[in-house]
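Heads up, the sequence shown is in the working numbering, so the first residue is 5 and it goes up one at a time. For each residue, glycine too, the CB sits at the ideal point set by N, CA and C. What follows is one structure encoded as structure tokens, with my remarks underneath.
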Amino acid sequence: MQFETEIQFSYDDIISFGKLSRDWNPIHYYRNDGRVKHLSRIFRIRSVEEIEAKANQNAVESSSQTPSQSEPNDQSDSSDEENSETPSHVPIIPGALLNNIISGIMGTQLPGPDCIVLHQTLDYKNFGFVNEKIRVRVRVTQVRKMLVTATYKAWTIRPKNSNKDDIESNESGKVVILKGDAKLVYRS
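Structure, rendered in structure tokens:
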């Protein structure tokens, strides 16, 4: 049994994932995107001491400002910057986001609802890029009572000369991005 689908992550998908996961690694974003700089300051993980110091500072500042001065500006000039120059690199899809798709397939399609992951391996072979079509396949390899073993793979098709450092590619241009296996408990 297997389930296969194709996905494509937009840059806005990566921004949304960053907001949820707090992953602001610059490799996932355009260098000149002001939204990322603003959000990474808001959502970065802080120490308890830093949170307390910032809260005290905000309390002092808010008592001296009007409400309109203390609200952050959601409108940024980043769209002008982003469109005015060519990005220095193409953002890389976070591996956790791609793994989330695999987890979603296992929890909704194969083996399906009520399954719980007990063990999972992730072997990242190459990068996946924003706006690149990626195929994902989950295959059930063994079922024993309530225990299910599955393998999965995510790959894309790239021109043969797109990256000579690809670890796993063949003549057809197929490039493996992620592969692994999982052991699940399936409660029906």
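**Message:** Can you give me the C-alpha to C-alpha distance between Tyr190 and Arg143, rounded to a whole angstrom?
**Reply:** Translated into the one-based positions of the sequence shown, residue 190 becomes position 186. Translated into the one-based positions of the sequence shown, residue 143 becomes position 139. Each residue's alpha carbon lies about 15 Å from the other.
**Message:** Determine whether the beta carbon atoms of Ile97 and Glu10 lie at a separation below 8 Å.
**Reply:** Position 93 of the sequence shown, counting from 1, holds the residue named residue 97. Position 6 of the sequence shown, counting from 1, holds the residue named residue 10. If you check the CB distance, Ile97 and Glu10 do not come in under 8 Å.
**Request:** Taking only the alpha-carbon atoms, compute the straight-line gap between Met5 and Arg148 and give it to the nearest angstrom.
**Result:** Position 1 of the sequence shown, counted from the start, is the residue given in the question as residue 5. Position 144 of the sequence shown, counted from the start, is the residue given in the question as residue 148. Looking at the two C-alpha atoms, the distance is approximately 14 Å.
**Request:** Return helix, strand or coil for Asp127, following the three-state DSSP convention.
**Result:** Numbered from its first residue, the sequence shown carries residue 127 at position 123. Asp127: strand per DSSP, three-state reduction.
**Request:** Specify the secondary structure class of Phe13 as computed by DSSP and reduced to three states.
**Result:** What you label residue 13 is simply residue 9 of the sequence shown in a count that begins at 1. Here Phe13 sits in coil by DSSP.
**Asked** If we call anything under 8 Å between Cβ atoms a contact, is Ala158 one with Met110?
**Response** As a position in the sequence shown, residue 158 is number 154, starting the count at 1. As a position in the sequence shown, residue 110 is number 106, starting the count at 1. Not a contact, by the Cβ cut-off of 8 Å.
**Prompt:** Closest Cβ-Cβ distance between Ile120 and chain B: below 8 Å?
**Reply:** Of the chains in the structure shown, none is chain B; there is only one protein chain.
**Asked** Once you ignore the five residues that flank Lys183 on each side, which residues in its own chain have a CB closer than 8 Å to its CB?
**Response** Working through the sequence shown from its first residue, we reach residue 183 at position 179. The residues are Asp127, Lys129, Thr155, Tyr156, Lys157 and Ala158.
**Asked** Going by the CB atoms, is the gap between Val134 and Val94 shorter than 8 Å?
**Response** Within the sequence shown, the letter at position 90 stands for residue 94. Within the sequence shown, the letter at position 130 stands for residue 134. Going by C-beta atoms, Val94 is nearer than 8 Å to Val134.
**Request:** From the DSSP output, in three-state form, read off Gln113 for me.
**Result:** Stepping through the sequence shown from its first residue, residue 113 is reached at position 109. Here Gln113 carries a coil assignment [DSSP, helix/strand/coil].
**Message:** Whole angstroms are fine: how far does the CA of Met150 sit from the CA of Pro163?
**Reply:** Position 159 of the sequence shown, counting from 1, holds the residue named residue 163. Position 146 of the sequence shown, counting from 1, holds the residue named residue 150. Cα to Cα, Pro163 sits roughly 43 Å from Met150.
**Message:** Whole angstroms are fine: how far does the CA of Leu102 sit from the CA of Tyr3?
**Reply:** Given a span of 5 to 192 for the chain in the structure shown, any question on residue 3 remains unanswerable.
**Asked** Which residues mark the beginning and the end of the beta strand (DSSP E) in which Arg143 is found?
**Response** Reading the sequence shown from its first residue, position 139 is the one you call residue 143. Run containing Arg143: Lys137 to Arg148, per the beta strand (DSSP E) assignment.
**Request:** Assuming Val140 and Glu8 form a contact by the criterion Cβ under 8 Å, report the distance between their Cβ atoms to the nearest whole angstrom.
**Result:** Taking the first residue of the sequence shown as position 1, residue 140 is located at position 136. Taking the first residue of the sequence shown as position 1, residue 8 is located at position 4. 7 Å between Cβ atoms; contact.
**Asked** Taking just the CA atoms, how far does Ser14 sit from Glu136?
**Response** Reading the sequence shown from its first residue, position 132 is the one you call residue 136. Reading the sequence shown from its first residue, position 10 is the one you call residue 14. Near 9 Å, if we compare the C-alpha coordinates of Ser14 and Glu136.
**Asked** What is the DSSP secondary structure of Tyr190, reduced to helix, strand or coil?
**Response** As a first step, residue 190 must be located in the sequence shown, where it is residue number 186. It is a strand residue.
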